[in-house]
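Comments concern the structure below.
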Amino acid sequence: MALAAVLTVLAPFIGGLLSGVDRKLTARMQNRIGPPIIQPFYDLIKLWGKQSFITSSFQAILAFGYMAFAVVAFILLVLLQDLLVIVFMVSMADVCLILGSFNAKSPYSYLGGRRELLQMLSYEPIFILTAVSIFMVTGSFLVESILKLGFPLIFLLPGAFAALLVVFPVEARKSPFDISASHHAHQELVRGVFTEFSGFTLALIEFGHWFKLVLFLTLLTLFWTPHLWLGVILAFIFYFITIIVDNVFPRLTWPFMLKFVWTVGLILILGNLIALAILGVI
Amino acid sequence: MAKSRFKSPWILHFNCGSCNGCDIEILACLTPRFDVERFGMLHMGNPKHADILLVTGPANRRNARVLRNLYEQTPDPKVVVAVGTCACTGGMFHNCPNVLGGVDKVIPVDVYVPGCAARPEAIIDGVVLALKKLAEKKVEPVKAVGGR
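Structure, rendered in structure tokens:
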């Protein structure tokens, strides 16, 4: 319980530092000096103090909802609760973001919102199937059951782990799957789903995004329990690889994203489950 | 708060019909040689996320409406930096029938960066001057804009 509280308090700091490291590393890869590592915190505080343009009070509530659902999902994870509920909380956060982007009469915001729906469509099945395969192996949807297993889950579910790595760039809004927010291509989408958020609503969304980032990395770490330190190190290594991929690959179209994530992700997870069934483990 | 405002200026660049000389110099600021991101500056495409409006080129009758619109869409606190001689006074275009003159004929300008084209060092200096004005400005927190 105390550990859960500490983790929840630390999560935004870890998430902010991770995005700071991301910006610094990206700059170094492009032979630039780059901003200080605490830059995302400056951005967040500045956005909080800035004037907000809100199209309706509902939009502000939705921005708050995005943050709240992300935080609740993370708290449920560190309290070792039900995986399915966590997955639904994460999707509720995204639904809030999409509804918020549909809340203004702006074509860019609309396009971003629709593309965010496509992103959800691509990673949601992978998340739910991962939860289901964990249920097949441990007999329970509770995160607690992974800890009670006594050996790393990765031995039984390497396919599910690999599938989560495939959807990680989609969830973290990284190239090649950064189709809804368009971090690097302002000429095409302006800012996609974030276009109509400004000031404190954007700050809330950014804060929620840090929580989601840490939540996802914690999910990757869970596959390595009881060797948590190994999981943490590997999660950071995978984050670093994602940054490299982000810098190397151009942004691709949404049909490619959907096809790639569904074929590779579903083959990995279902193949894993079928193999386990044939071997007689489940 | 004031420090964060100073540390994280997001920039919106608008070309009012300049010859592209100043625009190329602004883009040069983003390259590894000058790298303004080390000061936390980001080049935004969206006025609603911007703090600093970098305007190049003379204001003319055609784009004055767009310029005013962009200025109104930028949330407070905001500052406007006129980059290049044309943006400051109208420059070599000052007598043209369609040109109104400097950008300050349409929107209030905080910092003028002269030069034809303005050098990247001068642009960065101008933005840093603008930041000092930005940190002093007052804000009213929320503004409702027309929804659906």
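Top line first, the protein sequences correspond to chains X and Y. Under the numbering used here, think of the first position of the first sequence as 1, with each following residue one higher. Under the numbering used here, think of the first position of the second sequence as 283, with each following residue one higher. Every residue, glycine too, gets a C-beta built ideally from N, C-alpha and C. Given the structure is predicted, the values throughout are model-derived calculations rather than measurements.
Asked, Found
"Flag Cys-398 (chain Y) as yes when its Cβ comes closer than 6 Å to any non-hydrogen atom of the ligand GTP, and as no otherwise.", "No copy of the ligand GTP occurs in the structure displayed, which carries no ligand at all."
"For Ala-346 (chain Y), which beta-bridge partners are listed by DSSP?", "BP columns for Ala-346 (chain Y) are empty, so no partner."
"Taking only beta carbons into account, state which residues of the segment 110-125 of chain X come closer than 8 Å to chain Y, listed in chain order.", "none"
"Mapping the DSSP letters down to three states, classify Phe-284 (chain X) as helix, strand or coil.", "Since the first residue of chain X shown is 1 and the last is 282, residue 284 (chain X) is not available in this structure."
"For the segment 333-340 of chain Y against the segment 372-392 of chain Y, do three or more pairs of beta-carbon atoms, one drawn from each stretch, fall closer than 8 Å, so that the two count as touching?", "yes"
"Using 8 Å for Cβ pairs, my map puts Leu-47 (chain X) next to Ala-203 (chain X). What's the rounded Cβ distance?", "4 Å"
"Kindly confirm or deny that the segment 236-249 of chain X and the segment 91-101 of chain X touch, where touching means at least three C-beta pairs closer than 8 Å.", "no"
"Buried or exposed: Arg-430 (chain Y), going by 16 or more other Cβ atoms within 10 Å of its Cβ?", "Unreliable placement is indicated for Arg-430 (chain Y), whose pLDDT of 43 sits below 50; the coordinate value is still reported in the next sentence. When all chains shown are included, Arg-430 (chain Y) counts as exposed."
"Got a sec? Which residues, its chain only, sit under 6 Å from Leu-252 (chain X) by beta carbon, not counting five neighbours each side?", "Pro-176"
"If you drop the 5 nearest sequence neighbours on each side, which residues of the same chain put their C-beta closer than 6 Å to that of Ser-145 (chain X)?", "Thr-138"
"How would you write the range of the beta strand (DSSP E) that His-295 (chain Y) sits in, first residue to last?", "292-297"
"Decide yes or no for the touch test of the segment 216-232 of chain X against the segment 155-169 of chain X: beta carbon pairs closer than 8 Å, at least 3 of them.", "yes"
"Pick helix, strand or coil for Leu-324 (chain Y), following the three-state DSSP scheme.", "strand"
"Run the CB neighbour count on Trp-210 (chain X), radius 10 Å, all protein chains shown included, and call it buried at 16 or more, exposed below.", "buried"
"Taking only three categories from DSSP, how would you classify Gly-429 (chain Y)?", "Note that Gly-429 (chain Y) scores 46 on pLDDT, short of 50, meaning its location in the model is unreliable; the coordinates nonetheless yield the value given after this. Looking at Gly-429 (chain Y) - three-state DSSP - the assignment turns out to be coil, as it is neither helix nor strand."
"Quick one: any contact between the segment 64-76 of chain X and the segment 109-119 of chain X, if contact means 3 or more CB pairs under 8 Å?", "no"
"Cα separation between Phe-296 (chain Y) and Gly-327 (chain Y)?", "10 Å"
"Does the beta-carbon of Met-323 (chain Y) have 16 or more other beta-carbons within 10 angstroms, so that it is buried, or is it exposed?", "buried"
"Scan the segment 40-64 of chain X for residues whose Cβ lies nearer than 7 Å to a Cβ of chain Y and list them as they occur along the chain.", "Tyr-42, Asp-43, Ile-45, Lys-46, Gly-49, Lys-50, Gln-51, Ser-52, Phe-53, Ile-54, Thr-55 and Ser-56"
"If I follow the unbroken beta strand (DSSP E) through Ile-128 (chain X), where does it start and stop?", "Not the beta strand (DSSP E): Ile-128 (chain X) falls in the alpha helix (DSSP H), residues 107-138."
"Could you check the C-alpha separation between Pro-255 (chain X) and Val-214 (chain X) for me, to the nearest Å?", "28 Å"
"Could you tell me the distance, in whole angstroms, from the CA atom of Pro-314 (chain Y) to the CA atom of Asn-380 (chain Y)?", "38 Å"
"Using Cβ-Cβ distances below 8 Å, what residues of the segment 185-205 of chain X are close to chain Y?", "His-186, Gln-187, Val-190, Arg-191, Phe-194, Thr-195, Glu-196, Phe-197, Ser-198, Gly-199, Phe-200 and Leu-202"
"Quick check: is the beta carbon of Val-362 (chain Y) nearer than 7 Å to any beta carbon in chain X?", "no"
"Taking only beta-carbon atoms, is Arg-287 (chain Y) less than 7 Å away from chain X?", "yes"
"Whole-angstrom Cβ separation of Leu-129 (chain X) and Gly-100 (chain X), contact assumed at under 8 Å?", "The pair is not a contact, with the Cβ atoms about 28 Å apart (cut-off 8 Å)."
"Please determine, among X:Leu-268, X:Val-245, X:Thr-218 and X:Asn-272, the residue with the shortest C-alpha to C-alpha distance to Ala-4 (chain X).", "X:Thr-218"
"What's the C-alpha gap between Leu-153 (chain X) and Ala-275 (chain X)?", "15 Å"
"Would you list the residues sitting across from Asp-82 (chain X) in a DSSP beta bridge?", "X:Leu-142"
"Provide the residue span of the beta strand (DSSP E) that contains Leu-149 (chain X), from first to last.", "Segment: none, Leu-149 (chain X) is in no beta strand (DSSP E) and carries neither H nor E."
"At least one CB of chain X closer than 7 Å to the CB of Arg-320 (chain Y): is that the case?", "yes"
"To the nearest angstrom, report how far apart Phe-53 (chain X) and Gly-16 (chain X) are at their CA atoms.", "24 Å"
"Which partner residues does Tyr-394 (chain Y) have in the DSSP bridge list?", "Y:Ala-364"
"Quick one, which of X:Lys-50, X:Gly-20, X:Thr-55 and X:Gly-49 has its alpha-carbon nearest Arg-320 (chain Y)'s?", "X:Gly-20"
"Can you pull the chain X residues whose beta carbon is under 8 Å from the beta carbon of Asp-317 (chain Y), in chain order?", "Ala-27, Arg-32, Ile-33 and Gly-34"
"Under 7 Å between C-beta atoms, does Asp-358 (chain Y) make it to chain X?", "yes"
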